[in-house]
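2 protein chains.
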Amino acid sequence: MNTELSSVFQVKAKHSQNPPVEDTKGGALRADARRNRERLLVAAHAVFSERGADASLNDVAKRAEVGIGTLYRHFESREALLAATCDEHLLTLAKKSRERSEALPALEALRLFLTELVHSAGLYKGLAASLGIVLKNHTAGCDATTAEGQRLLEAAQREGEVRSDIRLDDVVCMAMAISLAAAEDASDPKRVPRLTGMFFDGLRSRTEPRGARQR
Amino acid sequence: MNTELSSVFQVKAKHSQNPPVEDTKGGALRADARRNRERLLVAAHAVFSERGADASLNDVAKRAEVGIGTLYRHFESREALLAATCDEHLLTLAKKSRERSEALPALEALRLFLTELVHSAGLYKGLAASLGIVLKNHTAGCDATTAEGQRLLEAAQREGEVRSDIRLDDVVCMAMAISLAAAEDASDPKRVPRLTGMFFDGLRSRTEPRGARQR
DNA sequence: ATTCAACCGGAGCAACCCTCCGTTTAGTAA
DNA sequence: TTACTAAACGGAGGGTTGCTCCGGTTGAAT
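In order, the protein sequences belong to chains G and Y.
Mapping of the first sequence onto this note's numbering: residues 2 to 216, in sequence order.
Mapping of the second sequence onto this note's numbering: residues 2 to 216, in sequence order.
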């Protein structure tokens, strides 16, 4: 029936059986389980790449040569699968950001972070729409990028470069919007940088930053 | 199969039969057709209100006590139905905006327009995700709000208050993002005004507006 | 070798979308 | 009134997808 929920954002509360599977955590998986999990990730990446983030999960299972039940046992929702599939990507995103941020002004580091987040949202067609939920899965990559984003945001705020009332969610929301817009109309290649710049300016404090020097 | 398309934004290219039905245009409809169309609109509003914008269209037809075929004959897609359902709302939105804009600075008028657009995107749960497509349906209301938005945007740009490279689509995209974010996490009631303010600041020129007086 | 918890697989049910086409009806002309 | 036809109706049905359930299989520990 499903009389409520429907927004792109909502997390569906389903699944009740199935022993936890440990998944993300240590190597407590049986050999066959681990093998299947890996096949699923590879297949998911392939299918999502060519059909978009809302491709049929049956297709993913088929491509992995695994039963659909196995898929759902390992990943309790499409978003969880997406998160796992993007995990590596997000992990390196966070790492790279952390590295370069040492030699960069806080504001610039944050801008680059946003830019890459936008880019990541376009990894699979249609991924942008669920980026918010995906990032909330506590995967290594998701947690890392979330933490990194939070760190950069706070740094920029501490320096007075960014409004103090902004939350990380707001930044993610911006990334989603930009990526969504880009997907809507790919005919204008300058749209992404334009929107990125525009939204980013919205973040900035309207008062002088701590270090003076404002346009 | 459907090997491509999937983004929330994409318009599905379907339907080929069915005489045009005139729908939007003058009273060329047969009496029973007009009656059914009206019932469908009422039913759609009810169903969308309680189940969200992605409720089952079968339910809509059922509630209207009409065959599903009749629904599709009158509205060739979910978005078309949504557009028709919101038509009145959008029409008065445009009209009110036009009226009050005469006594307001261009920038302020645009800000109010954006605020109301955000609000409209929340009319039905999940509507925000398709607001972009919906507005592209050439309904009286959609055309009116689009025109009004364009008018306000250009006015603000002419006065040098808003970046000249912004397009109306960008503004709509902002509205979607904000409304989406609001739906994601309703626990923070100040989020909408915060995001609106933030995004709106992004629109603004960084150079002095024509009439001097900045900030 | 035995045992059993963990794991697998896919049949199957429930929804949904959208089309197709036989039937009904509104409106009109005779 | 009647007869006629284009317009409109309705819903069965084919095609997808999501997700669950449970009988069977297997890894690995003893």
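Here a beta-carbon is modelled for each residue, glycine too, at the ideal position from N, C-alpha and C.
Owing to the predicted nature of the structure, the values given are computational and were not obtained by experimental measurement.
Could you list which residues in chain G have their beta carbon closer than 7 Å to that of Glu-100/Y, in chain order? Taking the first residue of the second sequence as position 1, residue 100/Y is located at position 99. Chain-order list of chain G residues neighbouring Glu-100/Y: empty, with the shortest C-beta distance near 28 Å, by a criterion of under 7 Å.
Classify Arg-168/Y as helix, strand or coil using the three-state DSSP reduction. One-based indexing of the second sequence puts residue 168/Y at position 167. Note: Arg-168/Y maps to coil in three-state DSSP.
Could you tell me whether any Cβ in chain G is nearer than 8 Å to the Cβ of Glu-162/Y? Within the second sequence, the letter at position 161 stands for residue 162/Y. Residue contact check for Glu-162/Y against chain G: no CB pair falls below 8 Å.
Let me confirm a value: Gly-53/Y is counted as buried when at least 16 other C-beta atoms fall within 10 Å, else exposed. Which label applies? By 1-based counting over the second sequence, the position of residue 53/Y is 52. Around the beta carbon of Gly-53/Y, a 10 Å sphere encloses 16 or more other beta carbons of the protein chains shown; the residue is thus reported as buried.
Starting from Arg-195/G, find everything on chain Y with Cβ-Cβ shorter than 7 Å and list it in chain order. As a position in the first sequence, residue 195/G is number 194, starting the count at 1. Within chain Y, the residues near Arg-195/G are Asp-166.
Taking the C-alpha atoms as reference points, what is the distance between Glu-100/G and Gly-150/G? As a first step, residue 100/G must be located in the first sequence, where it is residue number 99. As a first step, residue 150/G must be located in the first sequence, where it is residue number 149. The straight-line gap from Cα to Cα measures roughly 13 Å.
Limits of the alpha helix (DSSP H) - the one that Asn-59/G falls within: Working through the first sequence from its first residue, we reach residue 59/G at position 58. Counting along the chain, the alpha helix (DSSP H) containing Asn-59/G begins and ends at 58-64.
I need the DSSP call for Arg-205/G, collapsed to helix, strand or coil. Residue numbering aside, residue 205/G sits at position 204 when the first sequence is read from its first letter. In this structure, DSSP gives Arg-205/G an extended state, which the three-state scheme calls strand.
Which stretch, first to last residue, makes up the alpha helix (DSSP H) that contains Ser-41/G? Taking the first sequence and counting its residues from 1, the one referred to as residue 41/G is at position 40. The amino acid occupying residue 41/G in the given sequence is Leu; Ser does not appear at that position. Per DSSP, the unbroken alpha helix (DSSP H) holding Leu-41/G starts and ends at 32-52.
Along the segment 171-187 of chain Y, where does the CB come closer than 8 Å to a CB of chain G? Name the residues. Per Cβ criterion, the list reads Asp-171, Cys-174, Met-175, Met-177, Ala-178, Ile-179, Leu-181, Ala-182, Ala-184, Glu-185 and Asp-186.
State whether the segment 193-208 of chain G contacts the segment 192-204 of chain Y, with contact taken as three or more CB pairs (one from each stretch) at a distance under 8 Å. Contact holds: three or more Cβ-Cβ distances are below 8 Å.
So, is the C-beta of Phe-114/G closer than 8 Å to a C-beta in chain Y? In the first sequence, the residue the question calls residue 114/G occupies position 113. Taking 8 Å as the CB threshold, Phe-114/G stays off the interface with chain Y.
Between Leu-132/G and chain Y, is the shortest Cβ-Cβ distance under 8 Å, so that the two count as touching? On the first sequence, residue 132/G is found 131 positions in, with the first residue counted as 1. Chain Y contact via Cβ: absent.
Given Ser-180/Y, which residues of its chain have a CB within under 6 Å of its CB, disregarding the five upstream and five downstream residues? Taking the first residue of the second sequence as position 1, residue 180/Y is located at position 179. Closer than 6 Å at Cβ, skipping near neighbours: Val-119, Ala-122, Gly-123 and Ala-129.
Would you verify that the beta carbon of Phe-76/G is, or is not, closer than 8 Å to some beta carbon of chain Y? By 1-based counting over the first sequence, the position of residue 76/G is 75. In terms of beta-carbon proximity, Phe-76/G stays away from the interface with chain Y, with every pair separated by 8 Å or more.
At the 8 Å Cβ level, is Leu-204/Y part of the contact set with chain G, yes or no? For the purposes of this step, residue 204/Y is identified with residue 203 of the second sequence, where counting begins at 1. So yes, Leu-204/Y belongs to the interface.
Where Asp-1/Y falls, given that 16 or more other Cβ within 10 Å makes a residue buried: Residue numbering for chain Y in the displayed model covers 2 to 216; residue 1/Y lies beyond these limits and cannot be assessed.
Sequence ranges, alpha helix (DSSP H) only - wholly within the segment 111-173 of chain Y, length at least 4: Within the segment 111-173 of chain Y, the complete alpha helix (DSSP H) segments of 4 residues or longer fall at 132-137 and 141-159, listed in chain order.
Reducing DSSP to helix, strand and coil, say where Lys-96/Y ends up. Against the second sequence, residue 96/Y aligns to sequence position 95. In this structure, Lys-96/Y counts as helix in the three-state DSSP scheme.
DSSP-derived helix/strand/coil call for Gly-68/Y: For the purposes of this step, residue 68/Y is taken as residue 67 along the second sequence, with counting starting at 1. Gly-68/Y falls in the coil class under three-state DSSP.
For Leu-83/G, the first and last residue of its enclosing alpha helix (DSSP H): Taking the first sequence and counting its residues from 1, one reaches residue 83/G at position 82. Looking at the DSSP string, the run of the alpha helix (DSSP H) that includes Leu-83/G is 79-86.
Using a Cβ-Cβ cut-off of 7 Å (strictly less than) and excluding sequence neighbours within five positions of Arg-152/Y, which residues of its own chain qualify? Locating residue 152/Y in the second sequence gives position 151, counting from the first residue. Closer than 7 Å at Cβ, skipping near neighbours: no residue.
Put Pro-194/Y into one of helix, strand or coil per three-state DSSP. Here residue 194/Y refers to the residue found at position 193 when the second sequence is read from its first residue. Under the three-state reduction of DSSP output, Pro-194/Y falls in the helix class.
Buried or exposed: which applies to Ser-78/G, given that a residue is buried once 16 or more other Cβ atoms fall within 10 Å of its Cβ? One-based indexing of the first sequence puts residue 78/G at position 77. Label assigned to Ser-78/G: buried.
With H, G and I counted as helix, E and B as strand and the rest as coil, what does DSSP make of Ala-104/G? Taking the first residue of the first sequence as position 1, residue 104/G is located at position 103. Collapsing the DSSP output to three states places Ala-104/G in coil.
Could you name the residues of the same chain whose beta carbon sits closer than 6 Å to that of Ser-102/G, not counting the 5 residues immediately before and after it, in chain order? Working through the first sequence from its first residue, we reach residue 102/G at position 101. Within the same chain, Ala-110 come within 6 Å of Ser-102/G by CB-CB distance, once the 5 residues on both sides are set aside.
I'd like to know if Ala-107/Y contacts chain G, where contact means its C-beta is closer than 8 Å to some C-beta of that chain. Position 106 of the second sequence, counting from 1, holds the residue named residue 107/Y. Not one beta carbon of chain G lies nearer than 8 Å to the beta carbon of Ala-107/Y.
Residue-chain proximity (Met-199/Y, chain G), Cβ-Cβ < 8 Å: Here residue 199/Y corresponds to residue number 198 of the second sequence, with the count starting at 1. Interface with chain G (8 Å Cβ-Cβ cutoff): Met-199/Y is included.
Can you tell me whether Val-67/Y is buried or exposed? The criterion is at least 16 other CB atoms within 10 Å of its CB, across all chains shown. Counting from one through the second sequence, the residue named residue 67/Y turns up at place 66. Sixteen is the threshold: when 16 or more other Cβ atoms of the shown chains lie within 10 Å of the Cβ of Val-67/Y, as they do, the residue is buried.
Tell me whether Ser-180/Y sits in a helix, a strand or coil according to DSSP, three-state version. Position 179 of the second sequence, counting from 1, holds the residue named residue 180/Y. Helix, per DSSP.
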